[in-house]
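Read the structure below first, then the notes.
2 protein chains.
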Amino acid sequence: MSSSYLGVGVSPGNVPVYHGSNLKVIDRRLKVAEVILRCVICGLAVLAAVLIGTDTQVKEIFTIKKKAKFTQMKALLFLVVTNGIAAAYSMVQILRCIASLIRGKVLFNKPLAWAIFSGDQVMAYLGMAAVAAAAQSAIFAKLGQTELQWMKVCDMYGKFCNKVGEGIASSLIVCISMVVLSGFSAFSLFRLYGDNKGKNNPRW
Amino acid sequence: MSSSYLGVGVSPGNVPVYHGSNLKVIDRRLKVAEVILRCVICGLAVLAAVLIGTDTQVKEIFTIKKKAKFTQMKALLFLVVTNGIAAAYSMVQILRCIASLIRGKVLFNKPLAWAIFSGDQVMAYLGMAAVAAAAQSAIFAKLGQTELQWMKVCDMYGKFCNKVGEGIASSLIVCISMVVLSGFSAFSLFRLYGDNKGKNNPRW
C-alpha cells in the first residue's frame, strides 16, 4: 500500500493523466446515455399517461349505459399520476444534464449527487410499485378470479383493456429505464466516496 | 489538481493513515448494520411467509363448505415465494458478512461487489413488486370494486384477511430493509470506482 503511494510520489505526473482522461471518457458516455434514457422515460411516460388517461369505452347493457374510465380503478389512477411525475422529473433532469454537458463539468458536488440519487431511487421504486399494482389489477380484469366471483370485465370492455395494456407496457419500459438510471446516479454519487479523499480535500 | 498530487508526493505517509482509519470505522459500522438488517429481513420474511402460507379459513354457506387459501390468489403466492427467496438469500449473505467480519477484510473485490449489488437490487425490486401486487389484491378484497361488481370477500373471510394483512405489513418492512441494503451494496461497489485508481492498481 505504501509502495503505491511512493510510486505516486516518484512520478506524480503520470497518475492524473492516466485516470483523468479515462474518467472523462466514461463520464461523457455516461452523461450521454443518461440524457438518452431520460428522454426515453419522458416520452414513454407521457405516452402511457395519455394512453390510459384518455381511454374510455361506453357499453350499453339493455337500456343502461355503462362507461369504463381509468379513474374507476385506483391502480390506473396511481399509474397515470406516477407517469406524470416521472415525465416532469425527467424534464428537469434533462435540462440539468444538458447544462452540465455544455459546461463540460464533472459532478463532484456531494449534496447535488445525493439529491439526484435520492430522486432517482424514489422514482424507480415508485414506478415499480405502480406498474406492479396496475399489472395485478389488469390480470384480475383480464382473467377474473372465479373463487371470489370476480368477473372478467375485459370480456365486456375489450377495447378499453387493450389500450390500458399498451399503457402498462409503456410504463414498464419507463420503470426499467428508471432502474438503470438509478444505478447510474448511485455510481456518480458513491464513487465520490472512493479511497482518494486527498484529491478533493482542500487540506492536501 | 496537480498540486494535490504533489501533496501526496511530498508527504506520502500521512494519507493512508488519515483515510485508512476513517474508512475502517465506517466499514465496520456498515458491516454491523448490514448484518442486523439482513437478520431482520431473514426473520420477518420467514414470519410473513408462514403467516400467509398457513392462513386458511373455512366458511359454510348453507351446506356448501368454502375454503379460503393463499394459493387462490396469485399475488399472495408470489409474495410467499418472494419472501422465501428473500429469507434464503439473506441467510447466505449473513454467513458471508460474518465471515468477512471475523477475517476483518474490507471488500475490494469488484466481481464479488458486483454480485452482491446485483443480488440486492433484484431482491429490492422483486420485493417492491410483490408487496405492491399483494397490497393491490388486498385492497380489492377489502373494499371491493362496485363498478366492476367485484365483491368485498373480506366481509366473508375476515380472519383470513387480517392474517394476510399482517403478512403484507411484515413483507413491507422486509422490502424497505432490502431497499436500504441495496443502497449499502451500491456504496460498497461504486466507491471502488473512486478517483484513486492508482492505489489498488498493481501497476503503481
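Residue numbers (numbering that gives the first Met the number 0), protein chains in the order written: chain U, 0 to 203; chain P, 0 to 203.
Beta carbons: idealized from backbone N, C-alpha and C, even for Gly.
Quantities reported herein were computed from a predicted structural model and do not represent experimental measurements.
Going by C-alpha to C-alpha distance, which of the options sits closest to residue i?
i               : options                           : result
L78 of chain P  : P:L171, P:F186, P:A185 and P:M177 : P:L171
A122 of chain U : U:R27, U:C41, U:I35 and U:A32     : Reading off the sequence shown, one finds Met at residue 122 of chain U, where the question assumed Ala. It is U:C41.
A32 of chain U  : U:Q144, U:V179 and U:Y192         : U:V179
L43 of chain U  : U:L125, U:W149, U:T55 and U:G83   : U:G83
V128 of chain P : P:K158, P:K73, P:G143 and P:N108  : Reading off the sequence, residue 128 of chain P comes out as Ala, not Val. A128 of chain P has its Cα closest to that of P:K73, out of P:K158, P:K73, P:G143 and P:N108.
G126 of chain U : U:S181, U:Y156, U:Y192 and U:D54  : U:S181
M177 of chain P : P:V49, P:T81 and P:L75            : P:T81
I97 of chain U  : U:I175, U:G193 and U:R27          : U:R27
G193 of chain U : U:I175, U:V152, U:K109 and U:Q148 : U:K109
V24 of chain P  : P:F61, P:V49 and P:L100           : P:L100
I175 of chain U : P:L191, P:Y124 and P:T70          : P:Y124
Q71 of chain U  : U:D54, U:I138 and U:V49           : U:D54
I138 of chain U : U:S117, U:F116 and U:N161         : U:N161
E59 of chain U  : U:V173, U:L191 and U:Y156         : U:Y156
V152 of chain P : U:C153, U:V45 and U:W149          : U:W149
L76 of chain U  : U:A47, U:T62, U:L147 and U:F61    : U:A47
D154 of chain U : U:L147, U:L111 and U:Q56          : U:Q56
Does any residue of chain U bring its CB to less than 7 angstroms from the CB of residue i?
i               : result
S136 of chain P : yes
W149 of chain P : yes
V163 of chain P : no
V152 of chain P : yes
Hey, does residue i have any beta-carbon neighbour from chain P nearer than 7 angstroms?
i               : result
V16 of chain U  : Its pLDDT being 39, under 50, V16 of chain U is placed unreliably in this model, and the value from its coordinates should be taken loosely. No, because no Cβ of chain P sits closer than 7 angstroms to the Cβ of V16 of chain U.
A114 of chain U : no
F186 of chain U : yes
A32 of chain U  : no
A74 of chain U  : yes
A48 of chain U  : no
F183 of chain U : no
Just the chain P side, please: which residues come within less than 8 angstroms of residue i by C-beta, in chain order?
i               : result
M127 of chain U : Y124, M127, A128 and A131
A168 of chain U : Residues of chain P passing the Cβ test: none, with the nearest at roughly 15 angstroms.
By a C-beta neighbour count over all protein chains shown, 10 Å radius and 16 as the cutoff for buried, is residue i buried or exposed?
i               : result
I51 of chain P  : buried
K30 of chain U  : buried
W113 of chain U : exposed
G197 of chain P : For G197 of chain P, the predicted model reports a pLDDT of 40, less than 50, meaning its position is unreliable and no value from the coordinates is stated.
V14 of chain U  : Low confidence applies to V14 of chain U: its pLDDT is 40, below 50, so where it sits in the model is not reliable, and the reading given next is rough at best. Buried.
R37 of chain U  : buried
Q144 of chain P : buried
G103 of chain U : exposed
G119 of chain U : The sequence shown places Asp at residue 119 of chain U, not Gly. Per the 10 Å Cβ criterion, buried.
F159 of chain P : buried
V45 of chain P  : buried
F116 of chain P : buried
Note down, in chain order, every chain P residue with its Cβ under 9 angstroms from the Cβ of residue i.
i               : result
R190 of chain U : F189, R190, L191, Y192, G193 and D194
Can you list the residues of chain P that residue i reaches, using a CB-CB cut of under 7 angstroms?
i               : result
E146 of chain U : Q71
A86 of chain U  : Near A86 of chain U there are no residues of chain P at all, since even the closest Cβ is about 20 angstroms away, more than 7 angstroms.
What in chain U is Cβ-close to residue i, meaning under 8 angstroms?
i               : result
F139 of chain P : S136, F139 and W149
Could you tell me which chain U residues have their CB closer than 7 angstroms to the CB of residue i, listed as they occur along the chain?
i               : result
V178 of chain P : Y124
Does any residue of chain A bring its CB to less than 7 angstroms from the CB of residue i?
i               : result
S181 of chain P : Absence of chain A from the displayed structure is noted, the protein chains being U and P.
(message) I want to know whether the segment 49-67 of chain U touches the segment 178-195 of chain U - three or more CB-CB distances under 8 angstroms.
(response) The answer is no - the segment 178-195 of chain U does not touch the segment 49-67 of chain U, with fewer than three Cβ pairs under 8 angstroms.
(message) Taking 8 angstroms as the cut-off, does the segment 87-97 of chain P touch the segment 75-93 of chain U (at least 3 CB pairs, one atom from each stretch)?
(response) With a cut-off of 8 angstroms, the segment 87-97 of chain P and the segment 75-93 of chain U do not count as touching, because too few Cβ pairs lie within range.
(message) Using 8 angstroms as the cut-off, can you tell me whether the segment 124-139 of chain U makes contact with the segment 159-168 of chain U, which would need three or more C-beta pairs spanning the two stretches below that distance?
(response) Taking 8 angstroms as the limit for Cβ pairs, the verdict is that the segment 159-168 of chain U does touch the segment 124-139 of chain U.
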